[in-house]
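Line by line, the protein sequences are chains X and H. Residues 1 to 643, numbered by our numbering, are exactly what the first sequence covers, in order. Residues 644 to 1286, numbered by our numbering, are exactly what the second sequence covers, in order. Inspection log for the structure reproduced underneath, given as structure tokens.
Protein chains: 2
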Amino acid sequence: MGKKVFHELLSLDEAKQRLFNAFRERVSIPIDSETISVKSSLGRVTAEPVTAKFSSPYFHSAAMDGYAVRARDTFLASEREPVRLKIGVDAQWIETGDPLQDGFDAVIPVEDVNVRDGFIEIYASVPPYNDVRPIGEDIVATELIIPESHIVRAADIGAMLASGITEIRVRKKPVIGIIPTGSELIDAETIKQRMPNPPELIEYNSAVLGSLINEVGAEAKIYPVVPDEENAIKNAILNALKECDLLLLNAGSGYGKEDFTYKVLNELGEVIINGVAIKPGKPFIAGFINKKAVLGIPGYPVSAFLCFDLFVKPLIELYLGVSIKTEEELRAILSRQISSSIGVDEFVRVKVGRVGGKYIVTPMGRGAGLLMSVVRADGYIVIPRGSEGFSQGSEVTVHLWRSKNEINNTVVCIGSHDNTLDVLYNFVRKNYPHVTLSSAHVGSMGGLIAVKKGEAHIAGTHLLDEATGEYNVPFIKKLLPEKKVVLINLVYRIQGFIVKKGNPKNIRGFEDLAREDVIFINRQAGSGTRLLLDKHLKELGISPTAIKGYDRDEYTHMAVASAVLTGRADVGLGIFSAAQALGLDFIPVTEERYDILIPQEFFELPIIQAVLKVIREDKEFKEAVKSLGGYDIRDMGKTIYSN
Amino acid sequence: MGKKVFHELLSLDEAKQRLFNAFRERVSIPIDSETISVKSSLGRVTAEPVTAKFSSPYFHSAAMDGYAVRARDTFLASEREPVRLKIGVDAQWIETGDPLQDGFDAVIPVEDVNVRDGFIEIYASVPPYNDVRPIGEDIVATELIIPESHIVRAADIGAMLASGITEIRVRKKPVIGIIPTGSELIDAETIKQRMPNPPELIEYNSAVLGSLINEVGAEAKIYPVVPDEENAIKNAILNALKECDLLLLNAGSGYGKEDFTYKVLNELGEVIINGVAIKPGKPFIAGFINKKAVLGIPGYPVSAFLCFDLFVKPLIELYLGVSIKTEEELRAILSRQISSSIGVDEFVRVKVGRVGGKYIVTPMGRGAGLLMSVVRADGYIVIPRGSEGFSQGSEVTVHLWRSKNEINNTVVCIGSHDNTLDVLYNFVRKNYPHVTLSSAHVGSMGGLIAVKKGEAHIAGTHLLDEATGEYNVPFIKKLLPEKKVVLINLVYRIQGFIVKKGNPKNIRGFEDLAREDVIFINRQAGSGTRLLLDKHLKELGISPTAIKGYDRDEYTHMAVASAVLTGRADVGLGIFSAAQALGLDFIPVTEERYDILIPQEFFELPIIQAVLKVIREDKEFKEAVKSLGGYDIRDMGKTIYSN
């Protein structure tokens, strides 16, 4: 991956076409079939049409409890002149589901007859097949139940069994091998015994790819990790090809010294794709060995995830001869401008929220190494290679990884970050499983702006007004003069200096930040924590330029704590719980009020009420927040301000 | 089911509320948890929040191949005055992914330096952490990865493993027992050995319910069939309750002599629901025995299917503490009026098609015994109990059983029925797995009207003009004078008399239909076959009233053949392939032309072109049609008419 690529990359469309055409030419598709029991055929793909062996019902049966009669015997019946039929001769008692006795062709429900002296009296004529479930009412013998290339569902299983089909031909599941390569990779199970040591990396892509493969109806076969050695890789490939229909190598598809996929594939077979103009996922390789496709999947987790969708899943579809359910899509408004390089199709993970009737989409971190961005994303948008990006307010198509229903039940929380929000999310989820709390960390000011623009249901905020010493309200009045809002307290929290265990640099106050030997890590502009810092610096007459690291900022308390833990900084300003979580020391500076701002228009929404109910009434939630440390919940849920 | 119900039924809302409240009161939810391996946690529900054990990456590593340096050593570098750093002392070779060596804090990519005499020359300064993937870039230790009550997805598995989590607590799968009851029921496996004999019925509901249960993440446990005997049922229940969390009895929930669910539940525990005002599904029973819920599920397959959705799935959701993905919904226009009784919520299965940009919804057969209507349906609509139905053209909400994507790729074929349409569907599906062909059988005339109203993409038609002897074109000109259309031939086919094997009634011609000892089965008004009959009767001067059964009609050739096979009629008019399929005899009457009408506006749609390509070019399709018998394919795919 290190070296620049000088050869011309295929576009995504060209790459797909080339791969799928080559696959169709070389591989016999659809894959072979096998006979299985209908009872265990859920989700399998039919290899031939299934037609009814016999009808259902396969005999005329009573649809009601009553008497079986001959319809022609009833033709003259009327209220005035009832017809009398002898029970046991011209009328036979019959119960729902029972076969119609020979010679009878209609049923009269028991409540419509009068039984007297061994006869029934009938007051109206009935047509043939009255209250009879005729043969084949549901299924007629030889009728098509499900076609070929159909994914079997629960109801299909019932209809097949009902019509006498107990076994069917289905397509075999293609076996997709996954060979993790990389000398630094260790199996995840290793860390049950010990912590990893640099440069060891936990191998997890195979579990992700394997899950994705199994989910779409193929069978994943995960091989042990192979080191970055040409011959080891060759042998692993040749062995795996003996039992797999399709093979994925992960990683080694780049252009680095230890990337062997291209070389090995070229020697054992032929390479048809070497790099694709997509982002992430560029170093994707495809080739064939003995008429079996071997794909080089990039190592970064997001690239691997994307390459599955773009290349692996379509090949599984070709094997199975079906179109596997694709993501739902929706149109949404971009909350901010997003740019991309010309020449690559870029896949950008996004958050989507439904706020005030419109769907708002916000791009997330774009690094190929950010697997958490996939975990947290609601879906993705594509910036096509001919485009430099989209402007704020554009309508874009979002490919959803969550259902629209989930999106509709998501509380969009934009603003300041606090660890209690994670805890809140857990408790909301526990009490209201259909509600999701999605929080984006853009600082207190960013949250107020999001509320103003109608892009957030709630905003976490802790903005200290320098002039009055009051929290939040002055800013709300200034920034959102027109907006009807409710401000609810969540917690009071201790802000202070997060320092290494034992405070080796002996940080005591803001003055120490300007010391020559101290490196600081800042929060981003617009965050309440940054305002707090600036207020103190101003009071003390310390210039920001005197502080090493003032310009390096992070977006969350945890990221600040992490920078301290890992030695990127000596000190940062943040909350106690972040320091505690990472086992760092903490020097308290001040208590501040952290509130939640809710526009009146959203206040009565059931999803907002659900969140408020947790904040106000859930004792377990209160306990959980207290146990984080550094929080005071004396006003939790109290209305601070409303207009 | 036979007797009328006199007690007041609960409304659906009341029944749900009563059941779910009683469940919450009596059952400890969510269900217990267990520890499982992360690698096999796909689809399981978290029982507690999962937080990162360590950061990912957990060491600073190079993001590029190049040289590790100290950023402060580079501050003075410029094009004019490059900085020189000694390799091995002030600069260390490093490859992508390798840990940053102690004391170094930045990486300069290899392409940005000049290597000379054991030194690198640097032409620009770099900031600390230049081209470094810092610790925690993806995941920070202690960070929330997924919350409690979350259904684990592939990417979650990756993130958990990456951050050192190899085992998690998940909710146990609730075990849902299914006891099929009914003396007439036989296991589907029985019919591998022999055909069933009346009144035997193949038991298939347990396989359907079991599949539905497994699909939503619970565990189905299917018990052997229990006869309709009170004590046998009691024992089966008590035994099953030892190992199940929830129990379904199917059937026996009605009011018949052999329906024991109510009685048994009442004796062993308490009944809280006995019948619900829904259709289908009315005889639903719910009760509790020793704090475990036991549900009486009605026997009709559609009722059982619906009761799963309405009652069983929500209880599984309560056990698991999650909201399980619900169906997509869409708004669609009703193609015809639909009425329903006041007082019940009726669930009507429907077909949905997207024709010319709008979604058209058509109600299907409503019998609770029609499982094929579930197999063929695209979803359902609800007629609420306060409503008598919806008028034609109303916009209604459809709950989809297929994805919107599938609906969008469905060719809506409305009109005359021909067995080649089933074959065509199979071949379309095989060649274009994403395309579905949905055909509704309303007769040739109904097809023309559907095209006129913009409700069909294509219509099968074989209308013989009495005056000219010409097929279809005169009707198109008369009925659709304004519409631009293309008429394509599908087949010529033999129409004739379908009679019992050996032709016991010795049917030779239309004259025989009027015989005293002959019972006829007709096709519905507006069908081409009915027109054909009427033309011949008119020519021969035979009055329809002279024909017994003229008024009883069926909607498909197969249904006519089935009526003959099963003795409901002696003869019907239909196509050869229907007779052949059921092993009946056939007396040819005439060859007729069966065409497909396509509005010009839809002709170029890819889904229509896919169908045409099969009709025109697929040799296997032609062979399959010929092998049905009674067809001539000399003009298959030929354009007969266009305007």
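Don't be surprised by glycine CBs; every beta carbon is placed ideally from N, CA and C.
Smallest Cα separation from residue i: which of the options?
i        : options                                : result
V175(X)  : N214(X), E167(X), G158(X)              : N214(X)
N1069(H) : S438(X), I31(X), G630(X), A47(X)       : A47(X)
A63(X)   : Y129(X), D635(X), L487(X), D378(X)     : Y129(X)
T1172(H) : V1232(H), D708(H), N1146(H)            : V1232(H)
L38(X)   : I672(H), Y701(H), A850(H)              : The residue asked about is misnamed: residue 38(X) is Val in this sequence, not Leu. Per the Cα distances, A850(H).
L247(X)  : S253(X), G269(X), V216(X), A293(X)     : A293(X)
F475(X)  : M445(X), G502(X), V560(X), F497(X)     : M445(X)
G918(H)  : V1203(H), S896(H), E971(H), E722(H)    : S896(H)
R812(H)  : P790(H), A711(H), D830(H)              : P790(H)
F1246(H) : N1286(H), H1077(H), D1213(H)           : N1286(H)
V50(X)   : E143(X), K430(X), E230(X)              : E143(X)
Y223(X)  : L573(X), L540(X), P180(X), K548(X)     : P180(X)
P725(H)  : D716(H), K815(H), Y1193(H)             : D716(H)
N1048(H) : Q1167(H), A863(H), G996(H), D1061(H)   : G996(H)
I1302(H) : A1267(H), H1105(H), K1127(H), Q1167(H) : Any question about residue 1302(H) goes unanswered here, given that chain H covers just 644 to 1286.
L464(X)  : K351(X), A456(X), E121(X), V473(X)     : V473(X)
E873(H)  : L892(H), L1183(H), A863(H), D1194(H)   : L892(H)
Y432(X)  : D656(H), L655(H), R796(H), P673(H)     : P673(H)
L1014(H) : G321(X), L480(X), V140(X)              : V140(X)
Under 8 angstroms by Cβ, that's how I've got residue i and residue j pegged, so tell me the actual separation to the nearest angstrom.
i        : j        : result
I821(H)  : L855(H)  : Actually they are not in contact, since the Cβ atoms of I821(H) and L855(H) sit about 10 angstroms apart, beyond 8 angstroms.
F927(H)  : I916(H)  : 7 angstroms
G97(X)   : E827(H)  : 7 angstroms
L1130(H) : I1283(H) : 4 angstroms
G779(H)  : S562(X)  : 4 angstroms
A1020(H) : W1044(H) : 6 angstroms
A560(X)  : I519(X)  : According to the sequence provided, residue 560(X) is Val. The question's Ala does not apply to it. At roughly 12 angstroms, the Cβ-Cβ gap does not stay under 8 angstroms, so V560(X) and I519(X) are not in contact.
Please name the residue or residues paired with residue i in a DSSP beta bridge.
i        : result
V813(H)  : E677(H), T689(H)
K279(X)  : E346(X)
I414(X)  : A440(X)
F288(X)  : E270(X), A293(X)
L144(X)  : T51(X)
T362(X)  : K351(X)
H1042(H) : E972(H), Y1023(H)
P474(X)  : According to DSSP, which records beta bridges pairwise, P474(X) is partnered with nothing at all.
K86(X)   : F119(X)
Hey, would you say the C-beta of residue i is under 7 angstroms away from at least one heavy atom of the ligand SAH?
i       : result
A894(H) : Although the ligand SAH was asked about, the structure shown includes no ligands whatsoever.
Check the Cβ of residue i against every Cβ in chain A and list those closer than 7 angstroms, keeping chain order.
i       : result
T166(X) : Here chain A cannot be found, since the structure's protein chains are X and H.
### Query
According to a CB-to-CB cut-off of less than 7 angstroms, which residues of the segment 660–690 of chain H neighbour chain X?
Within the segment 660–690 of chain H, the qualifying residues are K682, L685.
### Message
Tell me which residues of the segment 1227–1258 of chain H have at least one Cβ-Cβ distance to chain X shorter than 8 angstroms, keeping chain order.
### Response
Answer in chain order: no residues at all.
### Task
Compile a chain-ordered list of the residues in the segment 1079–1108 of chain H whose CB is closer than 7 angstroms to at least one CB of chain X.
Of all residues in the segment 1079–1108 of chain H, none places a beta-carbon less than 7 angstroms from a beta-carbon of chain X.
### Message
Three Cβ pairs or more, each shorter than 8 angstroms: is that satisfied between the segment 152–172 of chain X and the segment 39–59 of chain X?
### Response
Touching, yes.
### Task
Check distances from the C-beta atoms of the segment 774–791 of chain H to those of chain X and list, in chain order, the residues that come in under 8 angstroms.
Cβ contacts with chain X come from R776, P777, I778, G779, E780, D781, I782, V783, A784, T785, E786, L787, I788, I789, P790, E791.
### Query
Should the segment 343–352 of chain X be called in touch with the segment 380–389 of chain X, which here means at least 3 C-beta pairs below 8 angstroms?
Yes: at least three Cβ pairs fall under 8 angstroms.
#### Entry: Residues in the segment 1195–1217 of chain H having any Cβ partner in chain X nearer than 7 angstroms
So the list reads M1201, A1202, S1205, T1209, R1211, given in the order they occur along the chain.
### Task
Report yes or no: do the segment 507–517 of chain X and the segment 659–676 of chain H share at least 3 C-beta pairs separated by less than 8 angstroms?
Judged by Cβ distances under 8 angstroms, the segment 507–517 of chain X makes no contact with the segment 659–676 of chain H, as fewer than three pairs qualify.
### Message
Output needed in chain order: residues of the segment 409–422 of chain X with a Cβ under 7 angstroms from some Cβ in chain H.
### Response
Going along the segment 409–422 of chain X in chain order, one finds D422 with a Cβ nearer than 7 angstroms to chain H.
### Query
Taking three-plus beta-carbon pairs below 8 angstroms as touching, is the segment 234–243 of chain X in contact with the segment 325–333 of chain X?
Not touching, per the Cβ criterion.
#### Entry: At least 3 beta-carbon pairs within less than 8 angstroms: the segment 411–423 of chain X vs the segment 436–453 of chain X
In short, these stretches touch, since the Cβ pair count reaches three.
### Task
Could you tell me whether the segment 487–498 of chain X touches the segment 582–600 of chain X, using the rule of 3 or more Cβ pairs below 8 angstroms?
Two segments are said to touch when three or more pairs of C-beta atoms, one from each, lie closer than 8 angstroms; by this definition the segment 487–498 of chain X touches the segment 582–600 of chain X.
### Query
For the segment 934–951 of chain H, which residues have a beta carbon sitting closer than 7 angstroms to at least one beta carbon of chain X?
Going along the segment 934–951 of chain H in chain order, one finds P944, F948 with a Cβ nearer than 7 angstroms to chain X.
### Residues, ordered as in the chain, of the segment 1014–1031 of chain H that lie near chain X by beta-carbon distance below 7 angstroms
The residues in question are L1014, M1015, V1017, V1018.
### Query
Does the segment 572–579 of chain X come close enough to the segment 614–634 of chain X that 3 or more CB-CB pairs lie under 8 angstroms?
Below 8 angstroms, enough C-beta pairs join the segment 614–634 of chain X and the segment 572–579 of chain X to call them touching: three or more.
### Query
Are three or more beta carbon pairs between the segment 300–315 of chain X and the segment 255–269 of chain X nearer than 8 angstroms?
Result no; under three Cβ-Cβ pairs closer than 8 angstroms.
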